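Taking our numbering, the leading residue of the sequence shown gets 1308, the next gets one more, and so forth. This report refers to the structure that appears directly beneath it.
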Amino acid sequence: MNRPRRCALVLASTLALPLACDKDEAKTSPEAEAPASSSSASSSSSSSSSRSAAASLPSLSLPKAVPASAAGVLVLRTPESLFATVAGFDLFGEPDAGDTKALREELDEYLRSRIGVTLTEVDTVTVFMDPKAGVAAIIEGADGTPKGRSVGEHEGVTLLALGKAGGDDEGVAAQHGKLLLVGQTAAVELALSAAADGDKRLERGPLVDLLTDDSKGVALAAAVEVESLPEDLRRELAGFGVDRALLRYGAEGLRAVAMGSEESMTKLEGMVTGGLTALTSEAENTKRQALEGDDTITGAGAIYASYSAQRLRKLLVPKREGGTLTLELPIRLQDPTLLAAVAGIGAAIAVPALTKYMRRSKTSEARVQIAKMFDAASAYFNEEHVSRGAIAILGGEGALPVTAPHQCPNDSREVGSAGITPPLSVNCNEGPGGRCVPVAGTPTGPGEYSMSLWTDNPVWNGLNFQMEQGHYFHYDFQWNNGTTGFGSCQFTAQAFGDLDDDGVFSTYERTGAADELGVNAAAGLYIDREVE
């Protein structure tokens, strides 16, 4: 009688695949402790061998085809081959050796007939990204000679088209010794140049240090140099103050490292801590709602999700040392398929909550800017604003202004609005880093708009308000001025955002009223659809 097993489940298409299981560590009966079957012994032996195989992965080294200009590199390798890892899924129990052999032969025959090479012995795939040339993969262990339509030659190597004749350029494939190169044409050409010339390959530098340092037993590693990324990606990551980043998974667990200034890493540490707190809170709220319902399965799942979120928060404690922030999870590579399980479960639990938290953090912009508008409107009202010569003659006894001297900022109308700036037709999500960007000249890119929408508007000038850097929200200011006596004003400062890019906008607004007795604010900030 085998002991019960704990299985990590991840949804793949419509199937729940048990990707990684450990034997239950709870105390069992003497019968269960006894080696009752060869199946149990085989399972134990298999688990032990996978652990030792994972730990035996040598220190990581980059293939010579990675170009020196690479801004990001990802390496995936397995103790055996990628095929052996995939074929080792135990959906229907441990696979039969004969069945595995038949699968290998069928795959080899099919791939050889279609592309000229077999991939069942591939054990390492390295993907690099160059800011100008694009992306390419370097595959180690492919067997055969690739075939296809020749579209040119580089470094004496034939380039074969991946797309159909006459169609869009979908990239090329090329073979250099035992390396199969696949990717965008310019990137593959860079890789061929690096393979042929040592001065053009990535052999030293921050990326190499990040990837190869202490890398024994590492199955997955990815590193990126933010400054060398394309403009749109660089702006997105620069918002977090990250200069370099590393993700690593192997025999010692999961590790993520971010590097930047000490100030930016302190801020990022706070964001991570806040995100984990938000994740735990979201899971707890979901559990509470589920337990109040009638669906038992949903309730049980919510209990487990809440437990997992709390445990993740305890384990995933950010550690900062100067300008380096490190996150570690002790999830060791006992089974090559465990990474997929961890990623699936983690995504199902964490992504919605963390996404919501990240969106909520962006709403601080609206709160801060509305406060600025409110204070500016109050200051403007408390000052006198009278147009030269705007007086009415009252018999021979003197003159009074046609309009009251105390008003809210306006464009000469008693009632009106500044107009939503920038217009809602400008999609901030399409701009660099998901922000709208005011530009001095003519807008040319997505998310850009003219700075003149602020500077040529008398209402924004009266408030001394404008957005000079990239921002997430659109703004408006509405007023209703009383034009007799001392003067009075009712006003509303507004912000509108579509943080999830679904065409539905959140609304933030604060109202106020002013007269000779002072400026009074509404009870608080009105919010509709906070994180839309």
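From the three backbone atoms N, C-alpha and C, an ideal C-beta is built for every residue, glycine too. Note that this is a predicted model, so its numbers are computed, not measured.
- Boundaries of the alpha helix (DSSP H) harbouring GLY1606: 1603-1622, taken from the DSSP string.
- Within a 10 Å sphere around the beta-carbon of GLU1690 sit fewer than 16 other beta-carbons, which makes this residue exposed.
- Residue range 1795-1804 is occupied by the beta strand (DSSP E) that includes GLN1797.
- Of the residues ASN1787, SER1724, ASP1805, the one whose Cα lies closest to the Cα of GLY1754 is ASP1805.
- In the DSSP assignment, THR1728 is bridged to TYR1782.
- Within the DSSP bridge table, the entry for PRO1374 names ARG1508 as partners.
- Between ASP1430 and SER1759, the alpha-carbon positions lie close to 57 Å from each other.
- Taking each of PRO1745, LYS1507, GLU1416 in turn and checking the Cα distance to PRO1729, the smallest one comes out for PRO1745.
- Considering only TYR1815, GLY1740, TYR1833, THR1814, the residue with the shortest C-alpha distance to PHE1547 is GLY1740.
- In this structure, THR1465 is the residue among THR1465, ALA1449, ALA1821 with its C-alpha nearest to the C-alpha of THR1492.
- Counting only runs of 3+ residues, the beta strand (DSSP E) found wholly inside the segment 1713-1778 occupies 1722-1724, 1744-1746, 1755-1757, in chain order.
- Judged by DSSP secondary structure, PHE1812 falls outside any alpha helix (DSSP H); it is assigned neither H nor E.
- Judged by DSSP in its simplified three-state form, LEU1383 adopts strand.
- Taking the CA atoms as reference points, VAL1624 sits about 28 Å from ASP1807.
- Residue pairing by DSSP places ARG1595 opposite no residue, since no beta bridge is assigned to it.
- Counting the other CB atoms within 10 Å of its CB gives GLU1532 a total of 16 or more, which places it among the buried residues.
- Taking the Cα of SER1685 as reference, the smallest distance to any Cα among ASP1550, PHE1784, SER1571 is reached at PHE1784.
- Relative to SER1813, the option among PHE1780, PHE1772, THR1407 whose CA is nearest is PHE1780.
- Under the criterion of beta carbons closer than 8 Å, ASN1768 and VAL1722 do not qualify as touching, at roughly 19 Å.
- Around ASN1771, the same chain offers ALA1683 as residues with beta carbons nearer than 7 Å, after the five sequence neighbours per side are excluded.
- Inter-residue distance for PHE1803 and GLU1775 is about 17 Å (C-alpha atoms, whole angstroms).
- Listed in chain order, the non-local C-beta contacts of GLY1567 below 6 Å within the same chain comprise GLY1548, VAL1549, ASP1550, GLY1630, local neighbours out to five positions each way being set aside.
- Burial state of PHE1681 is buried, judged by a 10 Å Cβ sphere holding 16 or more other Cβ atoms.
- Between LEU1487 and VAL1564, the CB-CB gap reaches or exceeds 8 Å.
- In the DSSP assignment, ASP1516 falls within the alpha helix (DSSP H) that extends over 1513-1519.
- A direct Cα-to-Cα measurement between GLY1490 and VAL1479 gives close to 6 Å.
- By the neighbour-count criterion, in which a residue is buried when 16 or more other Cβ atoms sit within 10 angstroms of its Cβ, SER1795 is buried.
- Considering only ARG1627, ASP1516, LEU1634, LEU1381, the residue with the shortest C-alpha distance to MET1572 is ARG1627.
- GLY1567 sits in coil when the DSSP states are folded into three classes, being neither helix nor strand.
- The C-alpha of LEU1561 is placed about 6 Å away from the C-alpha of PRO1637.
- For ASN1827 and THR1799, the gap between their C-alpha atoms comes out near 12 Å.
- In this structure, ALA1501 places its C-beta atom within 8 Å of the C-beta atom of ALA1372.
- Taken atom to atom, the span from the alpha-carbon of VAL1495 to that of ALA1481 is near 7 Å.
- The beta-carbon distance between THR1519 and LEU1381, rounded to whole angstroms, is 14 Å. This is too long to meet the 8 Å contact definition.
- Between LEU1632 and GLU1576, the beta carbon gap of about 6 Å places them in contact (Cβ cut-off 8 Å).
- If you look at THR1492, you'll find it in the alpha helix (DSSP H) that goes 1492-1503.
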